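Structure first, commentary second.
Protein chains: 2
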Amino acid sequence: MRAAHSTDGYFDAHRERILEDWFELLRMPTVGADKGRAAECARCAAWLKRWVRSLGFEVEVCRTSGHPVLLAERPGRPGSPTVLFYGHYDVQPADPVEEWHSPPFEPVLRGDRVYARGAQDNKGQLLAALLGMRACIEAGLPLPGLRLLIEGEEESGSRGLAGALPGLRRRLQADVLMVCDTALHPSGRPAITAGLRGLAYVTVTVHGPDHDLHSGTHGGVAPNPAVGLARLVASLHDADGNVAVAGFCDRLSPPSAQEIELCRAEPFDAEAYQRATGVAPEGGARGVPVPERAGFRPTIEVNGLRSGYAGAGLKTIIPASALAKISLRLCPEQDPDECLDALLAHLRERCPAGLRLEFQDRHAGGAGFRLPVDSPLSRLAADVLTGLDGRGPAFVWEGASIPVVGALRAATGAAPLLVGFGCEADRIHAPDESFSLAQFDLALAYSARMLSALAGG
Amino acid sequence: MRAAHSTDGYFDAHRERILEDWFELLRMPTVGADKGRAAECARCAAWLKRWVRSLGFEVEVCRTSGHPVLLAERPGRPGSPTVLFYGHYDVQPADPVEEWHSPPFEPVLRGDRVYARGAQDNKGQLLAALLGMRACIEAGLPLPGLRLLIEGEEESGSRGLAGALPGLRRRLQADVLMVCDTALHPSGRPAITAGLRGLAYVTVTVHGPDHDLHSGTHGGVAPNPAVGLARLVASLHDADGNVAVAGFCDRLSPPSAQEIELCRAEPFDAEAYQRATGVAPEGGARGVPVPERAGFRPTIEVNGLRSGYAGAGLKTIIPASALAKISLRLCPEQDPDECLDALLAHLRERCPAGLRLEFQDRHAGGAGFRLPVDSPLSRLAADVLTGLDGRGPAFVWEGASIPVVGALRAATGAAPLLVGFGCEADRIHAPDESFSLAQFDLALAYSARMLSALAGG
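Given below as C-alpha cells:
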C-alpha cells in the first residue's frame, strides 16, 4: 500500500495528453549512432526545449561535435539542494527491423505496453521523470533547484557531451546527480543502483586475401580470416569463462562483505531469467553467483560478426576479411584505456600467420563506479522508494554502463542517484522494445516524490 | 612455338561474332543458387539449345528438380570414341556487388580481359570449348561422337542433375568425359587435373537468447552465441592448422611417390601467390608443401559469418544467434557424409552450456578422385597440350571440387579428362571475375585439337 502524496493520480488524470507527448517523442527516429539522423536529433532537442520551457525552465540547446545537448535551469525552494537531472533522447538502432511486430518508430499501445524504439530507454523514463516535475509544479509543491542535461549520444559514447563538458562545468554544478536510466530489481522491487560497469569497445577486422578466394583452390592454402577471427575471439576466455587477456584483470578488487550481503539479499531466480530471455544464465565465469558476475566481474562480449557470404544458398569462398564488434564491461578499478590496450596486445600477439589486424571505432567509454550504500542520499531515496513499494528498494550492482555518469560526477561534484524502472520484458536495445504504463507511472511518481523530498517537502 | 593445326586463327577470324555470343551469354544472371533466377536459367538453357543446334546437334532441354539440363548429341567419325562434354551455365552469386568495378552482368572488355560473373567459370570456358567444336566442323575436320551435358546447378551442388542422372544414364554413355572447368598451372603451363577434392557443406547456427540482450546487463551472465560459435570454429583445427575433428581424417592415405614427384615437379612460387591473392599461403597444415596441402589434404573452411550487429556505429548487444557457413574439401578416400557426421558430432559435443545448435543446408556434394597419370588418354592429352605449349602439361591435384565429375564417371563409365585454362587473375567466385582473350583462345584451340586427336584426325 502506497503512502499518500499530493501528486498521486497524476498519470491517470492526464493520460491522454501524456500518451500524445510520449508518442510524439517516440516518432522521432533519433538513432544517435547514425549520422544520417542528425536532423531528427536536432528536431527532438527542439521539441524537448519547448516542452521543458513550458515548465518554467530557462532552456538552451547547445551545439556539440555530435548531436545537440539540452541544458535547462529552474530555481528551487530557497535553501534546497540543486539537482542535476541527466537523460538522453537518442536511441539504439532499430535493427533487425524485420523482427519488430510493429514499426520501431510508430509507437503503439498494446495491452498495458507502449511499443517503440526508445519506449523505455531512455525516452520513456526521461518523459516520466519530467512529468514528475510537472506534477509537483501543478500541485504547487516545492522543488529543489533543477538543472536538466539531456543529450543525444548516450547510446554511442556521449562524445559530443564529453567535448562540451569542460565549457558547461559551471552551469552543471549540483548536489545530486539524478539519473533515471536503470531498472527495477528482477523481483519487481524498486532498486537503487549502487554500481555500474565501465564500457569500452572496438571493432576488430581480420584481413586476409585482397579478394574473396575460391574455397576449393585455396582451402588449406590461404589463411582464412573468418577462422582466424574465431580463433582470436575464442582466445579471449579460458575454459571456465574467465577473461584470459593478460593484464586485463590485474586491478580488480573484490566487493566488500556488505556489498556481497546486499547483492545476495534477494535470491537470483534462474528460471525467471530463462523465461525472460530464452536462455539459461550460463555465461561468464563458472561458479560465481549471477548477480556478482554482472556486478563485480568484467566481461568481453562480441556484439556482432560479419564475414564473407552468410546469405541464402552457398558461396564457397575464403572471405577476404572478417569483422567482430567487441564491447567490454569493466569494474570500477579497471581503466578502460588500459583494458583496450591489453585486449589489442593480446589480439596482435595471436594474429594467425598471413593475416593482418585492423582496429576501428576504439572508444574508452568511461570507468564504472560503486556508490556508498549508507549515505544520507541513499537513505532518503530508500525511504521514498519504501513509500512507493512497502518492500523497499534492493541495492543492485548493474552490469550495464552509463559512462557519462562518471564523467558528470567528476565535472559537477554531484552525488549520483540512480533509480530506474526498467525490466527485462522491456527488451531495450532489441526488437519490440516497450515500456508498460505501470512502470511509466511508477517512474513519474518516484520523480515527483524524490524531488519534493529533496526540497524538504 | 605451336605445332600447326587447321583450326588455328579461328578466334581471330571470328572475334567479333564470338564476343557477341559470349557477352550475350554473360548478360543472363544465371545464379543457380538463387531460386529467383529460375527464368534466367531457363532462358540461358534455351539460348544454348539454339546455339548448339546450329552445330548439327540434336538437342533437348530436360527439366529437373532444379534448373534445366541441356543434353545434346552429334554422331562422329565412324569408329571414333564417344566424348561426353560436361559444362555448366550457372554462376556464383555476384555479392558483394559493390566491389565490382563494372556491373557483374554487364560484360565489358577492358584490355585483354572480359569482365563479368561467369566470364571464366564456366561460361567462358564452356563457350570456348563449344567454339572448338565449331572450328573443327567449319574446317571439315572429323570429330568423335559428341554428347553434351550442360547443367545449371554446378555452383550449388548439382542436385537437379543428380536426380535426373539415373534416367539419363543410357544417353550419357561415353568413353571420355571431357571437362573444361579447371585452371592452368600457376606457372602458366597447361595442366591436366589428376585429382579434385570432394565437397560437403553445412550451415551452423548457434542459438542463445530468444532476442538480442543488452550486453551490459547480460554480459557475463547470458551465454554469448557469437563467442560460442567462435569457440566452436576455433576447435576445428589444432595449433598446427590440422583438422582436429575426431574421425575426420581416419581414411586418409598418402599420395604415391609418383604423385608426389609430379606434384613437386614445378616449384611453388609463394611470392606469385601473394601477388595474385594478396595473402601469403600460410593456411592449412604447417610444414606441408602448398601443392600437397591443396591436393592431398582435406580442409574445413568458414565461408561466412553473421551475428548480431555488424553495421556502422555501436550496438551493445549479446546477439540472439550466430551463424557460420562451413564447407569441407575432402580427399578421395573420405566419404562426405561420414565427414559431415564427424563434424556435427564434434560441434554437438562442444556446444557451450546454455546455447543450442541448429544445422541447415547439409549437403554431401560428392567425393573427390584421383586419376591415373599414365593412361593412354592422359598421354594423348599431354601430346595435344605439348603441341600448344612446348613446355607440355603439368599434372596437378587441385583443391577444388567438381562433385558431378565423380557422379558422371560412375554413371557413364567414361574416363575423365580435366583440362582447363583458368588462372588466379580470373578471380572466379569473387568480384571482378574475368577471362582473358588469350586464355579463351587457348581453350578453344585445345578443344579443337583434342577432339580431332580423339577422332584420329
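As they're listed, the protein sequences go chains P and G. Every number in this note's numbering is 40 more than the matching position in the first sequence, counting from 1. Every number in this note's numbering is 40 more than the matching position in the second sequence, counting from 1. For each residue, glycine too, the CB sits at the ideal point set by N, CA and C. This structure is a prediction, so every number in the text was calculated from the model and none was measured.
Status (buried if at least 16 other CB within 10 Å, exposed otherwise) for residue i
i	result
Asp278 of chain G	exposed
Glu311 of chain G	exposed
Ser367 of chain P	buried
Pro136 of chain P	exposed
His141 of chain P	exposed
Gln400 of chain P	exposed
Arg103 of chain P	exposed
Arg346 of chain G	buried
Ser10 of chain G	Chain G is shown only over 41 to 497; residue 10 of chain G falls outside these bounds and no answer can be derived.
Lys365 of chain G	buried
Ala382 of chain P	buried
Ala297 of chain P	exposed
Ala86 of chain P	exposed
Glu191 of chain G	buried
Asp152 of chain P	exposed
Ser196 of chain P	buried
Arg419 of chain G	exposed
Lys163 of chain G	buried
DSSP state of residue i mapped onto helix, strand, coil
i	result
Pro416 of chain P	helix
Pro456 of chain G	strand
Ser492 of chain G	helix
Ser275 of chain P	coil
Glu60 of chain G	helix
Gly439 of chain P	coil
Arg333 of chain G	helix
Glu195 of chain G	helix
Thr245 of chain P	strand
Phe399 of chain G	strand
Phe461 of chain P	coil
Leu411 of chain G	coil
Asp301 of chain G	Before going further, note that residue 301 of chain G is Glu rather than Asp in the sequence given. The answer is helix: DSSP assigns Glu301 of chain G an H, G or I state.
Ile468 of chain P	coil
Ser487 of chain G	helix
Met173 of chain G	helix
Partner residues on chain G for residue i, Cβ-Cβ distance less than 8 Å
i	result
Ser196 of chain P	Gly353, Leu354
Arg90 of chain P	Chain G residues near Arg90 of chain P: none, gap ~28 Å exceeds 8 Å.
Ala73 of chain P	Ala352, Gly353, Leu354, Lys355
Gly460 of chain P	Residues of chain G passing the Cβ test: none, with the nearest at roughly 11 Å.
Arg369 of chain P	Ser255, Gly256, Gly259, Gly260
Closer than 9 Å at the beta carbon, the chain P residues around residue i
i	result
Pro69 of chain G	Residues of chain P passing the Cβ test: none, with the nearest at roughly 14 Å.
Val267 of chain G	Val273, Ala274, Leu276, His277, Gly323, Ile340, Glu341, Val342
Chain P contact residues for residue i, given Cβ-Cβ distances below 8 Å
i	result
Lys365 of chain G	Gly348, Tyr349, Ala350, Leu354, Lys355
Tyr241 of chain G	Leu354, Thr356
Asp52 of chain G	The contacting residues do not exist; Asp52 of chain G stays about 30 Å from chain P at best.
Asp250 of chain G	Thr317, Gly318, Val319
Contact list for residue i against chain G, beta-carbon separation under 7 Å
i	result
Ala320 of chain P	Gly394
Ile358 of chain P	Glu341
Asn264 of chain P	Gly323, Glu341, Val342
Ala382 of chain P	The contacting residues do not exist; Ala382 of chain P stays about 17 Å from chain G at best.
Beta-carbon neighbours of residue i, restricted to chain P and to distances below 7 Å
i	result
Gln374 of chain G	Going along chain P, no residue has its Cβ under 7 Å from Gln374 of chain G, so there is no contact; the nearest lies around 13 Å.
Gln132 of chain G	Lys355
Ile468 of chain G	His254
Thr245 of chain G	Those within 7 Å of Thr245 of chain G in chain P number zero; the least Cβ separation is about 10 Å.
Per-residue contacts from residue i into chain G (C-beta, under 9 Å)
i	result
Glu438 of chain P	Gly256, Thr257
Arg271 of chain P	Ala270, Val273, Ala274, His277
Pro329 of chain P	What Pro329 of chain P touches in chain G: nothing, since even the nearest Cβ is about 10 Å away.
Pro471 of chain P	His251, Asp252
Ala312 of chain P	None at all; the shortest Cβ gap to chain G is about 13 Å.
Item to check | Runs of beta strand (DSSP E) wholly within the stretch 340-387 of chain P (minimum 3 residues, chain order) | outcome: 361-370
Item to check | Residues within the stretch 474-485 of chain P neighbouring chain G, beta-carbon criterion of under 7 Å | outcome: none
Checklist entry - If contact means a Cβ-Cβ distance below 9 Å, which residues of the stretch 332-346 of chain G contact chain P? => result Arg333, Ala334, Arg337, Pro338, Thr339, Ile340, Glu341, Val342, Asn343, Gly344, Leu345, Arg346
Item to check | chain G contacts from the stretch 89-115 of chain P (Cβ-Cβ distance under 9 Å) | outcome: none
Checklist entry - Which ranges would you report for the beta strand (DSSP E) in the stretch 114-157 of chain G if only whole runs of at least 3 residues count? => result 122-128, 148-150, 153-155
Next on the checklist: Which residues of the stretch 210-239 of chain G have a Cβ closer than 9 Å to any Cβ of chain P? Give them in chain order.
Outcome noted: Ala223, Leu236, Arg237, Leu239
Checklist entry - Going along the chain, which residues of the stretch 424-455 of chain G sit with their C-beta nearer than 7 Å to a C-beta in chain P? => result Glu438, Gly439, Ala440, Ser441
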